[in-house]
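Enquirer: The sequence shown begins at 2 in the working numbering and counts up by one.
Positions of the beta carbon are idealized from the N, C-alpha and C atoms, including for glycine.
In this text the structure is predicted, and so the values were computed from the model without any measurement.
The structure that follows is given in the form of structure tokens.
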Amino acid sequence: MAVQINAPLAPRRNWLAAFVRGAVVPLLAILTALIIGAIIIWFSAPSDRGSRLEVVIAAYRGLFMGAFGSRAAIANTLVEATPYILAGLAVAFAFKCGLFNIGAEGQLFIGALGAVTVGFAVTGLPTIIHLPLALLAGAITGGLWGAIPGYLRAKTGAHEVITTIMLNFIAF
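Spelled out as structure tokens, the structure:
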């Protein structure tokens, strides 16, 4: 009976390599975006505002201080980013299932419309009930809007990319 001592190390190495690959690509994407943004700022900076390098540095300082400069800025950044994060999770879930969900924007909008409608139409409830009810209504209406392309795909074979793009147009 042969015992393999190094067998547990192989999955660790594969995990580490996958982690490094998974971290390098987003970091390179962020760095590339910052460089391209700096080039655009460099060439569009007015000449009477000092050196172009100072303008680029001031622009990025304003960007980062506006997003992360204080607790209020961080909270505001998270409030503004949350819908995009949730829509990204919805798209990632669909991609993982082998489907293309291009309609996340419309689903988010219709869900927000459902939440606002219930939030304003239903009165007299305590906040502990009213808020979850509005959130539930938003989730249900957005989910029903997203179910339309699924139904059309299952019953007629309509491609979900086309139907979700058309439903985005209808939602707005």
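#1: Just confirm the distance between the C-beta atoms of Thr165 and Asn77, as a whole number of angstroms; I'd bet it's less than 8 angstroms.
#2: Around the C-beta of Ile149, are 16 or more other C-beta atoms found within 10 angstroms, so that it is buried, or is it exposed?
#3: Output needed for Ala135: all residues of its chain with C-beta closer than 6 angstroms, excluding positions within five of it in sequence on either side, in chain order.
#4: What do you reckon, are the CB atoms on Ala172 and Gly107 nearer than 7 angstroms?
#5: Does the Cβ-Cβ distance between Gly174 and Gly112 come in under 7 angstroms?
#6: Express the C-alpha separation of Gly38 and Ser1 in angstroms, rounding to a whole number.
#7: Which ranges does the alpha helix (DSSP H) cover as unbroken runs of at least 4 residues, wholly within the segment 74-125, from first to last along the chain?
#8: Give the C-beta separation of Ala105 and Ala91 to the nearest angstrom, bearing in mind that I take them to be a contact with Cβ-Cβ under 8 angstroms.
#9: What's the gap between the Cα of Phe20 and the Cα of Phe69?
#10: Is it buried or exposed for Leu168, if we count other Cβ within 10 angstroms and need 16 for buried?
#11: Let's see if you can read the secondary structure: which residues bound the alpha helix (DSSP H) around Gly63?
#12: Within 10 angstroms of its Cβ, does Ala95 collect 16 or more other Cβ (buried), or is it exposed?
#13: Measuring only the C-alpha atoms, how far is Pro127 from Leu137?
#14: Am I right that Ile42 and Ala30 are in contact with their C-beta atoms under 8 angstroms? What's the rounded C-beta distance?
#15: Whole angstroms is fine: what's the gap from Val161's alpha carbon to Gly151's?
Expert: In this structure, then:
#1: Here residue 165 is taken as the residue at index 164 of the sequence shown, counted from 1. Here residue 77 is taken as the residue at index 76 of the sequence shown, counted from 1. Incorrect: roughly 30 angstroms between the Cβ atoms, too far for contact.
#2: Here residue 149 refers to the residue found at position 148 when the sequence shown is read from its first residue. Classification for Ile149: buried.
#3: Counting from 1 along the sequence shown, the entry for residue 135 is found at position 134. These residues qualify, in order along the chain: Ala116, Val119 and Gly120.
#4: In the sequence shown, the residue the question calls residue 172 occupies position 171. In the sequence shown, the residue the question calls residue 107 occupies position 106. Yes. Within cutoff.
#5: Any answer about residue 174 is impossible in this case: the structure gives the chain only from 2 up to 173.
#6: Residue 1 is absent from the structure shown; the chain starts at 2 and stops at 173.
#7: 105-122
#8: Within the sequence shown, the letter at position 104 stands for residue 105. Within the sequence shown, the letter at position 90 stands for residue 91. Going by Cβ atoms, the distance from Ala105 to Ala91 rounds to 5 angstroms, so yes, they are a contact pair.
#9: In the sequence shown, counting from the first residue as 1, residue 20 sits at position 19. In the sequence shown, counting from the first residue as 1, residue 69 sits at position 68. About 26 angstroms.
#10: Counting from 1 along the sequence shown, the entry for residue 168 is found at position 167. Counting Cβ neighbours within 10 Å, Leu168 comes out buried, since at least 16 surround it.
#11: Residue mapping note: residue 63 aligns to position 62 of the sequence shown, counting from 1. Taken as a continuous stretch (DSSP letters only), the alpha helix (DSSP H) holding Gly63 covers Arg53 to Phe69.
#12: Sequence index remark: in the sequence shown, residue 95 carries index 94 (1-based). Classification of Ala95: buried, given that the 10 Å Cβ count is 16 or more.
#13: In the sequence shown, residue 127 corresponds to position 126, counting from 1. In the sequence shown, residue 137 corresponds to position 136, counting from 1. Cα to Cα, Pro127 sits roughly 16 angstroms from Leu137.
#14: Taking the sequence shown and counting its residues from 1, one reaches residue 42 at position 41. Taking the sequence shown and counting its residues from 1, one reaches residue 30 at position 29. Incorrect: roughly 19 angstroms between the Cβ atoms, too far for contact.
#15: Along the sequence shown, read from residue 1 onward, the residue named residue 161 stands at position 160. Along the sequence shown, read from residue 1 onward, the residue named residue 151 stands at position 150. Reading off the sequence shown, one finds Glu at residue 161, where the question assumed Val. Distance between the alpha carbons of Glu161 and Gly151: 7 angstroms.
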